[in-house]
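Accompanying notes for the structure given below.
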Amino acid sequence: RERCDGGATAVAHPNIALIKYWGKRDERLFLPWTDSLSMTLDIFPTTTRVRLDAAAGQDTVTLDGVPAYGQTLRRVTAFLGLVRERAGLRQRAVVQSRNTVPTGAGLASSAGGFAALAVAAAAAYGLGLDARGLSRLARRGSGSASRSVFGGFALWHAGDAAGTDAEADLASYAEPVPTAGLDAALVVAVLDAGPKEVSSRAAMRRTVATSPLYRPWARSSGEDLAEMRAALLRGDLPAVGEIAERNALGMHATMLAARPAVRYLSPATLTVLDSVLQLRREGVAAYATMDAGPNVKVLCARADAQRVAGVVRAAAPGRAVHIAGPGPGARLTGGDR
Ligand code: PMV
């Protein structure tokens, strides 16, 4: 449990949920109502350096060279406060982060961001956490970040809702899930890279509090998860895709039924969804999922990814379309180890 006095640098990638996390049962501890399951991507890495500064009276945070302020700064500072509390240290930190994904656009920037911050801050403050501990820590920055600690496919356990806070906090972490020969790709269509109008946090809160569809979805999501795990173990891509697509559409249905409604899907989203249906009619196994934004991620076999990307590009002219494969877990980089 040594502190890295020279600071620590970590890199992490975003993940896209195939079984969604939507709704917290405890906002302070970031405990979700349901289990979720994702694929970590091999694109859009975030690299974050954390250095302790004994002379500083407050944390400073720089994102892509620009000083962070307001809500973003408060979120990172609160997270660092948690790390300091665990470390029993008071030194403030200098955080420098480089992100290659548009922030706040429903492209899981917070997942890669807080996974990288958790790994770098844990090393800089000498927390000596194992992967599970890092996942639990990352969860406190952004729920979905718990899954980006791991590469490939990861399952985030909601943790036992019946236990005490401390028990639930210990039980809510992500871990890798086994898959068999699944050569999957995600074609990511960036339809709108601007920040969303309603944060996922606020949208979740409103959905849980007001949507009559929330509880039914949460229940069916548990069934989706069991089927998803079996499909992953069989390496059954069409089944994985079908389950992922219905789980995502169901999540968006819960938001559409919230009062007032939260609608992240745009006309461009629906146009891409139509092109995915067309691909399926042509016999290509392609399935869509959407998060807290209009962007569409299309799950398909790696061998079909170029064709799928071509069809999606034609449906979304002028928009960036990326092909991602399963990526690595969060890790310290270079000489900081
Ligand atoms: O952890 P957050 O606040 O970025 O929430 C992410 C929620 C979704 O991306 C919509 C679903 C998910 O499981 O990643």
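So for the sequence shown, UniProt numbering puts the first residue at 7; every next one is plus one.
Glycine included, every Cβ here is placed at the ideal spot set by N, Cα and C.
Element boundaries [beta strand (DSSP E), containing residue i]
i: asparagine 105; result: 98 to 105
i: tryptophan 223; result: Segment 220 to 240 is the alpha helix (DSSP H) holding tryptophan 223; no beta strand (DSSP E) there.
i: leucine 43; result: 42 to 46
i: threonine 170; result: Threonine 170 -> no beta strand (DSSP E), and no H or E assigned at all.
i: threonine 213; result: Careful: threonine 213 lies outside any beta strand (DSSP E), inside the alpha helix (DSSP H) at 206 to 216.
Chain-order list of residues whose beta-carbon lies under 6 Å from that of residue i (same chain, five-residue window excluded)
i: arginine 343; result: For arginine 343, the predicted structure reports a pLDDT of 43, less than 50, and the residue's modelled location is therefore unreliable. A value from the coordinates is still provided. The answer is none, since no qualifying residue turns up.
i: glycine 12; result: none
i: lysine 303; result: Ile22, Leu192, Val194 and Thr295
i: glutamine 97; result: Leu58 and Ala60
i: tryptophan 162; result: Ser42, Ser152, Arg153 and Ala180
i: glutamate 233; result: Ile249
i: alanine 177; result: Gly165 and Asp166
i: alanine 321; result: Thr277, Val278 and Ser281
DSSP beta-bridge partners of residue i
i: cysteine 306; result: Ala191 and Ala292
i: isoleucine 329; result: Val193
i: leucine 58; result: Ala99
i: alanine 180; result: Trp162
i: threonine 52; result: Ala18 and Asn105
i: arginine 337; result: Val17
8 Å Cβ shell around residue i - same chain, five flanking residues per side excluded
i: glycine 340; result: Thr15
i: proline 334; result: His19, Thr46, Asp48 and Gly157
i: alanine 210; result: Note that residue 210 corresponds to methionine in the displayed sequence, not to alanine. Correct list, in chain order: Trp28, Gly29 and Lys30.
i: leucine 271; result: His258, Met296 and Pro300
i: valine 268; result: Val204, Ala209, Arg212, Thr213, Met261 and Leu262
i: aspartate 198; result: Ala111, Ser272, Ala274, Gly299, Pro300 and Asn301
i: arginine 90; result: Arg96, Gln97 and Tyr131
i: glycine 63; result: Arg98
i: proline 332; result: Met45, Thr46, Leu47, Asp48, Gly157, Gly158, Phe159 and Ala190
Spatial neighbours of residue i in its chain, beta-carbon cut-off 7 Å, leaving aside the 5 residues before and after
i: leucine 86; result: Asp65, Ala99 and Ala127
i: glycine 324; result: none
i: aspartate 70; result: Arg104 and Asn105
i: arginine 240; result: Ala186
i: alanine 315; result: Val193, Val327 and Ile329
i: valine 318; result: Val193, Ala195, Val278, Ser281, Val304 and Val327
i: leucine 135; result: Ala128 and Leu143
i: serine 206; result: Ala298
Selected residue, minimal CA-CA separation from residue i, among the options
i: arginine 138; options: Phe156, Gly132 and Leu123; result: Phe156
i: arginine 142; options: Ala186, Arg104, Arg92 and Ser103; result: Arg92
i: serine 152; options: Ala121, Ala236 and Ala330; result: Ala121
i: glutamine 312; options: Asp198, Ala330, Asp70 and Leu255; result: Ala330
i: arginine 221; options: Val204, Leu197, Lys202 and Ala259; result: Ala259
i: alanine 254; options: Pro273, Ala232, Pro244 and Trp223; result: Trp223
i: arginine 146; options: Val183, Ala215, Ala199 and Ala84; result: Ala84
i: glutamate 173; options: Pro332, Lys26, Val318 and Leu35; result: Leu35
i: glycine 169; options: Ala307, Leu37 and Pro332; result: Leu37
i: serine 115; options: Arg265, Val246 and Phe50; result: Phe50
i: alanine 307; options: Ala322, Val290 and Ala320; result: Val290
i: glycine 149; options: Arg287, Ala292, Asp32 and Leu276; result: Asp32
i: threonine 52; options: Thr68, Arg81, Gly76 and Trp39; result: Thr68
i: proline 244; options: Glu229, Ala215, Ala264 and Arg286; result: Arg286
i: alanine 309; options: Ala215, Ala190 and Pro201; result: Ala190
i: residue 365; options: Arg55, Thr54 and Ser217; result: Residue 365 cannot be examined here, being either before or after the span of the chain that is shown, 7 to 343.
i: valine 56; options: Arg81, Thr40 and Gln102; result: Gln102
i: glycine 228; options: Asp242, Pro201, Ala215 and Gly256; result: Gly256
Residue range of the alpha helix (DSSP H) that includes residue i
i: tryptophan 28; result: Note, tryptophan 28: premise wrong, no alpha helix (DSSP H); not H, not E.
i: alanine 18; result: No alpha helix (DSSP H) holds alanine 18; the beta strand (DSSP E) holding it covers 14 to 18.
i: leucine 135; result: It is not in any alpha helix (DSSP H) - leucine 135 carries neither H nor E in the DSSP assignment.
i: leucine 285; result: 273 to 287
i: leucine 35; result: That residue, leucine 35, is in no alpha helix (DSSP H); it is neither H nor E in DSSP.
i: threonine 260; result: 243 to 262
i: arginine 153; result: 151 to 154
i: alanine 315; result: 311 to 321
Contact with chain D by residue i, beta-carbon distance below 7 Å
i: serine 141; result: Absent here is chain D; the protein component of the structure consists of one chain.
Next on the checklist: Extract the residue ranges of the beta strand (DSSP E) inside the segment 59 to 93, only unbroken runs of 3 or more that lie entirely within it.
Outcome noted: 66 to 69
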